[in-house]
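The sequence shown begins at 443 in the numbering used here and counts up by one. Heads up, the beta-carbon is just placed ideally off N, CA and C, and yes, glycines get one too. Notes follow once the structure below has been shown.
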Amino acid sequence: MSDVILEVRDLTMEFGGSAGGLFSKRSEGVKAVDAVSFSVRRGETFGIVGESGSGKTTLGRCILRVLDPTGGSIRFRPKEADEVELAGAPVAELRQVWRKLRMIFQDPQSSLNPRLRVIDIVGQALQKSEGLKGKALSDRVGALLESVGLRPEFMLRYPNAFSGGQRQRLGIARALSTGPELVVADEAVSALDVSIQAQTLNLLQDLQEEFDLTYIFIAHDLAVVEHICDRVAVMHRGRFVEVADTKTLFANPQHPYTQALLEAVPVADPRMRGKRARRS
Ligand SMILES: Nc1ncnc2c1ncn2[C@@H]1O[C@H](COP(=O)(O)OP(=O)(O)OP(=O)(O)O)[C@@H](O)[C@H]1O
Ligand SMILES: [Mg+2]
């Protein structure tokens with residue numbers, strides 16, 4: 443069995459271009475993602491960093507097939523199923539894949555419907571695709587809540603009864619509900635206080651072990667990426683300029699853009715300011 447779970451080749455997402463026609467000239471759009479290639483190994487945490495507008499979210503959305511890329515291929519290899527080509531795949535074919543491929547959003551406030559109880563938010567996919575209800579549903583949702591460190595009886599509450607960190611745990615439980623293999627987390631801890639960030643990262647690491655998950659972890663915060671990722675890709679203007687093991691990347695960045703990105707990191711300790719420790 444291959445240990446590669448996702449293989450992306452020449453992935454391109456161009457917005458607003460037109461092919462041209464009888465009365466219009468062909469126009470170039472914005473290539474938010476431009477011929478990106480990489481592979482993700484089963485069980486690893488693959489980071490994607492880059493400044494705002496570099497194309498990280500667009501790339502994540504293409505992998506989840508919220509967007510259909512304008513070029514290239516995305517091959518997903520779930521454990522006990524055939525490889526699937528996600529680029530251009532019809533929605534009917536994607537329904538099964540979406541169980542194995544889930545997303546954790548940045549803003550748990552706006553991604554949880556305030557009018558639904560937790561049981562209906564976390565259990566939504568279970569109700570829809572497995573037809574679970576009654577005790578079977580509450581047992582499963584209760585177990586999911588416990589696995590993210592929340593009390594099962596919270597399932598009867600509404601999202602506004604929870605803190606930001608707890609809401610992010612609900613988002614994680616919802617992502618886990620379908621038994622995913624690959625989880626794309628886009629700025630999953632960016633909106634949280636620093637102490638809550640650390641707890642959430644630890645939880646994600648524990649869950650990765652427990653449920654054999656692979657993560658694509660999109661973030662602009664390099665300290666977070668350094669903490670959690672096995673490998674990191676640096677994205678700049680729609681392209682990957684460097685992909686390396688996390689240790690290697692931080693100790694010995696090769697590309698000038700990566701070097702600039704690392705040097706721009708604000709240093710928390712005032713005594714260290716002006717001499718950002720380039721780890722060696
Ligand atoms: N639906 C869209 N239509 C047109 N252009 C878009 C669309 N979505 C994104 N873009 C453009 O694509 C580029 C990449 O945006 P994207 O949101 O992927 O960047 P990002 O790296 O996630 O930024 P951030 O760190 O701020 O989240 C930007 O120039 C953006 O304006
Ligand atoms: Mg983004």
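Taking G613 as reference, the option from Q538, N694, K542, P550 with the minimal CA-CA separation is P550. With fewer than 16 other beta carbons inside 10 angstroms of its own, D648 counts as exposed. Under the rule that a run must span 3 or more residues, the beta strand (DSSP E) segments found entirely inside the segment 595-683 read 624-628, 656-660, 673-678. For I563 against L554, the beta-carbon gap comes to about 6 angstroms, under 8 angstroms, which counts as contact. Annotation for V631: Q639, T642, L643, V666 place their beta carbon closer than 7 angstroms to its own, counting only its chain and skipping 5 residues before and after.
Taking the C-beta atoms as reference points, L558 is found no nearer than 8 angstroms to L506. Counting only residues of its own chain and dropping the five nearest sequence neighbours on each side, Q696 has a CB closer than 7 angstroms to the CB of E684. Contact annotation, P520 with E652: C-beta distance approximately 18 angstroms; criterion of less than 8 angstroms not satisfied. For A686, the secondary structure class from DSSP, reduced to helix, strand or coil, is strand. When secondary structure is reduced to three states using DSSP, T512 falls in the coil class, being assigned neither helix nor strand. L543 sits in a strand when the DSSP states are folded into three classes.
Leaving aside the five residues that flank V446 on each side, the residues in its chain whose CB is nearer than 8 angstroms to its CB run, in chain order, S481, V482, R483, R484, R519. When rounded, the separation of the alpha-carbon atoms in H669 and Q650 is 14 angstroms. Put simply, the residues with a CB less than 7 angstroms from any heavy atom of ligand 2 are K498, T499, D628, E629, I660, in chain order. Annotated three-state conformation of G459 is coil, per DSSP.
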